[in-house]
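Trainee: Numbering (mature numbering (1 follows the signal peptide of the UniProt record, and there is no 0)), first residue to last: -22 to -1, 1 to 210. Here a beta-carbon is modelled for each residue, glycine too, at the ideal position from N, C-alpha and C. Owing to the predicted nature of the structure, the values given are computational and were not obtained by experimental measurement.
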Ligand SMILES: [Zn+2]
Ligand SMILES: [Zn+2]
Ligand SMILES: [Zn+2]
Ligand SMILES: [Zn+2]
């Protein structure tokens, strides 16, 4: 009886695992092919190509080969995307620790990253990712501007909270009969002038495009130097 049961279990495992195996084998092959292609591109210093292959690999949601984050971090370093490079390097060290094939290389990359990351931190011309700032085109650097009132959604009025915007207040009298009164707060209109914009429908507040910083990032990697033609 037990033997029969075990046979039955084995059969279930076989049935359950067969389709999984059939699926994962070609997928691993694809990830390996991409890895080979990316490493070959790195070999010939074509980091743009390596970058796009690595991104394909990430977007495919295939399981990532364990050494991939290291090679991607090297590629991003060469492309001067230092902040991103650091993220993948940390991920690599987190996943593999000192057992990773490229542990030594990862330590060296970590040291190489220190200088450019410090430069980004100290530079006023670029954001935390090292991309050059430009003056916000929406507020022209003013940070705060007059824009549509967010509290009343530019209606100029808001519903009266005391009467739930009905204009009427109900009360029960001593005979337990409901009586209706005009709401005193809104004089029966059900709505009040917006307290934020006083009915003007506009308010002066942090620019919604740049979040009040007066600056937005460009796609240009910053060289941390003022340029004469920076404003064109
Ligand atoms: Zn702005
Ligand atoms: Zn009211
Ligand atoms: Zn308002
Ligand atoms: Zn900079």
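Nearest-angstrom Cα distance between residue 193 and residue 113?
Mentor: In a straight line, the C-alpha of residue 193 is about 5 Å away from that of residue 113.
Trainee: Is residue 120 near ligand 1, with its Cβ less than 8 Å from a heavy atom?
Mentor: yes
Trainee: Residues in its own chain within less than 6 Å of residue 123 by CB, not counting five upstream and five downstream?
Mentor: 117 and 185
Trainee: Starting from residue 158, trace the beta strand (DSSP E) both ways and give me its first and last residue.
Mentor: 156 to 160
Trainee: CB-CB under 6 Å to residue 132, same chain, minus the five flanking residues each way: which ones, in chain order?
Mentor: 126 and 179
Trainee: CB of residue 92 to nearest heavy atom of ligand 4: below 8 Å?
Mentor: no
Trainee: Have a look at residue 60 and residue 86 and give me their C-alpha separation to the nearest angstrom.
Mentor: Here the alpha carbons of residue 86 and residue 60 stand approximately 14 Å from one another.
Trainee: Going by other Cβ atoms of all chains shown within 10 Å of its Cβ, with 16 needed for buried, is residue 204 buried or exposed?
Mentor: So residue 204 ends up on the exposed side.
Trainee: With distances taken between CB atoms, is the gap from residue 181 to residue 188 smaller than 9 Å?
Mentor: no
Trainee: Residue 1 by DSSP, collapsed to three states: which one?
Mentor: The pLDDT assigned to residue 1 is 47, lower than 50, so where the model puts this residue is not dependable; a value taken from the coordinates is nonetheless given after this. Looking at residue 1 - three-state DSSP - the assignment turns out to be helix.
Trainee: Below 9 Å between beta carbons: does that hold for residue 199 and residue 109?
Mentor: yes
Trainee: How far does the alpha helix (DSSP H) with residue 35 in it reach, from first residue to last?
Mentor: 25 to 37
Trainee: According to DSSP, simplified to helix, strand and coil, what is residue 113?
Mentor: strand
Trainee: Compare the beta carbon distance of residue 141 and residue 168 with 9 Å and say whether it is the shorter of the two.
Mentor: yes
Trainee: For residue 146, is the classification buried or exposed, using 16 other Cβ atoms within 10 angstroms of its Cβ as the cut-off for buried?
Mentor: exposed
Trainee: Between 101, 43, 54 and 49, which lies nearest to residue 82 when the distance is taken from Cα to Cα?
Mentor: 49
Trainee: At a cut-off of 8 Å, would you count residue 138 as near ligand 2, judging by its Cβ distance to the nearest heavy atom?
Mentor: Distances between the C-beta of residue 138 and the heavy atoms of ligand 2 include at least one below 8 Å.
Trainee: My guess is that residue 170 and residue 164 are in contact by the Cβ rule of under 8 Å, so how many angstroms apart are they, rounded?
Mentor: 5 Å
Trainee: What are the uninterrupted segments assigned as beta strand (DSSP E) that are 3 or more residues long and contained completely in the region 158 to 189, given in chain order?
Mentor: Entirely contained in the region 158 to 189, the beta strand (DSSP E) runs reaching 3 residues are, in chain order, 169 to 171 and 180 to 184.
Trainee: Pick from 23, 13, 78 and 121: whose alpha carbon is nearest that of residue 183?
Mentor: 121
Trainee: Got a sec: does ligand 5 put a non-hydrogen atom nearer than 8 Å to the Cβ of residue 191?
Mentor: Of the ligands this structure carries, namely ligand 1, ligand 2, ligand 3 and ligand 4, none is ligand 5.
Trainee: Identify every residue that forms a DSSP beta bridge with residue 146.
Mentor: 160
Trainee: What residue range does the alpha helix (DSSP H) around residue 88 cover?
Mentor: 81 to 100
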